[in-house]
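J.: For the sequence shown, position 220 (counting from the first letter as 1) is numbered 220 according to full-length UniProt numbering, and the numbering increases by one without interruption.
Heads up, the beta-carbon is just placed ideally off N, CA and C, and yes, glycines get one too.
Small disclaimer: the values here were computed from a predicted structure and weren't measured.
Take a look at the following structure, please.
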Amino acid sequence: MIQYMITVSYVDPHGFPRLRFTTFIEDGYVTRYANMAGSALLLFDYLLTLDDEIEFIWQKSWSIGKGLFIISRYYSLIITVVVNNYVLFGHLSASVSIHYSYWQGWSGLFTCMIVEMILQMLSSASTALVLGLMYSGGISTQIETPFCLTELPDYSYAVWIPRLAFDTFLCILALIRGFQLAKEESDDFESSTLPSGKHLMKVLIRDCIGSYLIMFAVYLTFLTIWAKNGNLFETCFNISVGFESIVGTRTILRIRKVTNNGGPDVSASFVNDILK
1 MIQYMITVSY VDPHGFPRLR FTTFIEDGYV TRYANMAGSA LLLFDYLLTL
51 DDEIEFIWQK SWSIGKGLFI ISRYYSLIIT VVVNNYVLFG HLSASVSIHY
101 SYWQGWSGLF TCMIVEMILQ MLSSASTALV LGLMYSGGIS TQIETPFCLT
151 ELPDYSYAVW IPRLAFDTFL CILALIRGFQ LAKEESDDFE SSTLPSGKHL
201 MKVLIRDCIG SYLIMFAVYL TFLTIWAKNG NLFETCFNIS VGFESIVGTR
251 TILRIRKVTN NGGPDVSASF VNDILK
């Protein structure tokens with residue numbers, strides 16, 4: 001990593017530790033590389049699933065599931081490209097920079113809500129109220145200033161705790177729903193030994209519970225990064241958006257594959273009108 005040896009330091013008037021500009025430059029490089037990794041991850045997944053997208057999304061009728069897929073897929077792609085190349089836009093005024101910051105923050109929140117809605121539909125649980133309450137206070141305030149070097153507060157990592165808690169909650173609901181679906185397939189319920197129950201449990205556990213575990217690991221990693229080094233908080237943005245988009249779009253694609261190719265083993269109660 002290239003280091004620019006700038007000896008100028010910033011002294012906080014309130015007595016906080018002095019911050020060397022070299023630290024900010026190094027963290028800036030890390031952030032840029034992380035954003036590039038998020039963009040590459042999303043593009044690679046897009047190329048891998050393009051054939052399935054054409055077959056199971058574009059050739060089907062419009063529905064809520066199709067709309068969520070398109071938003072999650074292409075809006076996330078636009079976000080990662082813009083965030084990764086914003087420095088190419090040239091000089092940005094203070095007003096434009098502030099609005100860009102607003103857009104970046106709200107876009108990250110929006111993509112997270114989209115993937116949670118997709119996973120939420122799979123668990124067939126009425127958790128919209130919980131989702132709304134969790135994000136109802138997610139409004140930030142920007143103070144316009146020509147130039148400012150700041151440090152995040154020590155407790156900033158707590159922003160990831162609601163996401164971890166909500167994913168855990170949805171995971172539990174999905175497990176409960178999975179056992180209910182399997183039980184409905186036969187009066188003699190033995191885990192997932194019956195053909196239809198086995199298929200339902202396989203789809204639910206692999207695509208729903210597996211997605212929760214992936215996102216839980218991602219959010220836990222970001223929480224650790226924020227707790228250890230607040231200057232790296234932007235490294236999480238593109239990777240977070242990329243993982244959320246991949247989880248959401250792949251979940252819909254897999255469910256549609258089950259609908260089209262699953263045959264009699266697939267219960268009609270599992271794939272509802274939202275995902276058809």
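(1) Tell me which same chain residues have a C-beta within less than 6 Å of the C-beta of E244, skipping the five on either side of it?
(2) Could you spell out the range, first to last residue, of the alpha helix (DSSP H) harbouring I54?
(3) May I ask you to verify whether the stretch 40–52 touches the stretch 240–254, counting CB pairs closer than 8 Å and requiring at least 3?
(4) Please identify the residue among L232, C236, L223, W226 whose C-alpha is closest to the C-alpha of E26.
(5) Since I believe T235 is in contact with A40 (beta carbons under 8 Å), could you give me their beta-carbon distance rounded to a whole number of angstroms?
(6) Could you have a look at I93 and say whether DSSP puts it in helix, strand or coil?
(7) Looking at the structure shown, is Q59 part of a helix, part of a strand, or coil, going by DSSP?
(8) Suppose the cutoff is 8 Å on Cβ atoms and the five residues either side in sequence are ignored; what does the same chain contact list for I161 look like?
(9) Using only the alpha-carbon positions, how far apart do T193 and Q180 sit?
(10) Kindly indicate which three-state DSSP category residue 318 falls into: helix, strand or coil?
(11) G38: which of V258, V241, H99 sits nearest, CA to CA?
(12) Quick one: give me the first and last residue of the alpha helix (DSSP H) that W226 is part of.
(13) Taking 8 Å as the limit between beta carbons, can you name the residues of its chain near F216, skipping five residues before and five after?
(14) Verify the contact flag: T49, CB atom, against every heavy atom of the ligand SAH, threshold strictly below 6 Å.
(15) With burial defined as no fewer than 16 other Cβ atoms inside 10 Å of the residue's Cβ, what is the status of Y74: buried or exposed?
(16) Is N238 closer than 7 Å to V82 when the C-beta atoms are compared?
(17) Go ahead and label residue 287 buried or exposed: buried means 16 or more other beta carbons lie within 10 angstroms of its beta carbon, across all protein chains shown.
(18) Could you say which of I98, T249, A158 lies nearest to L220 if we only look at CA atoms?
(19) Please work out which residues of its chain come closer than 6 Å, Cβ to Cβ, to Y135, disregarding the five sequence neighbours upstream and downstream, and give them in chain order.
T.: Walking through what the data contain:
(1) Here residue 244 is taken as the residue at index 244 of the sequence shown, counted from 1. Only T111, C112, V115 meet the Cβ criterion.
(2) Stepping through the sequence shown from its first residue, residue 54 is reached at position 54. No alpha helix (DSSP H) holds I54; DSSP gives it neither H nor E.
(3) Taking a cut-off of 8 Å on C-beta distances, the stretch 40–52 touches the stretch 240–254, as three or more cross pairs fall below it.
(4) If you number the sequence shown from 1, residue 26 lands on position 26. Comparing Cα positions, the closest option is L232.
(5) Working through the sequence shown from its first residue, we reach residue 40 at position 40. Working through the sequence shown from its first residue, we reach residue 235 at position 235. Going by Cβ atoms, the distance from A40 to T235 rounds to 14 Å, so no, they are not a contact pair.
(6) The sequence position of residue 93 within the sequence shown is 93, counting from 1. A small correction: the amino acid at residue 93 is Ser; Ile does not occupy that position in the sequence shown. In the structure shown, S93 sits in coil (DSSP, three-state: anything other than H, G, I, E or B).
(7) Counted from its first residue, the sequence shown places residue 59 at position 59. Coil, per DSSP.
(8) In the sequence shown, the residue the question calls residue 161 occupies position 161. Around I161: L223.
(9) Taking the sequence shown and counting its residues from 1, one reaches residue 193 at position 193. Taking the sequence shown and counting its residues from 1, one reaches residue 180 at position 180. Reliability of the predicted coordinates at T193 is poor, the pLDDT of 43 falling under 50, and no value is obtained from them.
(10) Residue 318 cannot be examined here, being either before or after the span of the chain that is shown, 1 to 276.
(11) Numbered from its first residue, the sequence shown carries residue 38 at position 38. The shortest C-alpha separation from G38 is found at V241.
(12) In the sequence shown, counting from the first residue as 1, residue 226 sits at position 226. Counting along the chain, the alpha helix (DSSP H) containing W226 begins and ends at 210–228.
(13) As a working mapping, residue 216 is identified with position 216 in the sequence shown. Counting only Cβ-Cβ distances below 8 Å, and skipping sequence neighbours, we find L164, D167, T168, C171.
(14) Of the ligands one can find in the structure shown there are none, so the ligand SAH has no counterpart to examine.
(15) In the sequence shown, counting from the first residue as 1, residue 74 sits at position 74. With fewer than 16 other Cβ atoms within 10 Å, it is exposed.
(16) Indexing the sequence shown from 1 puts residue 82 at position 82. Indexing the sequence shown from 1 puts residue 238 at position 238. Not a contact, by the Cβ cut-off of 7 Å.
(17) An answer regarding residue 287 cannot be provided, because it is not within the stretch 1 to 276 covered by the chain.
(18) Residue mapping note: residue 220 aligns to position 220 of the sequence shown, counting from 1. Measuring from the Cα of L220, the nearest candidate turns out to be A158.
(19) Translated into the one-based positions of the sequence shown, residue 135 becomes position 135. For Y135, the pLDDT reaches just 46, beneath the cut-off of 50, and the residue's location in the model is therefore unreliable, leaving the point undetermined.
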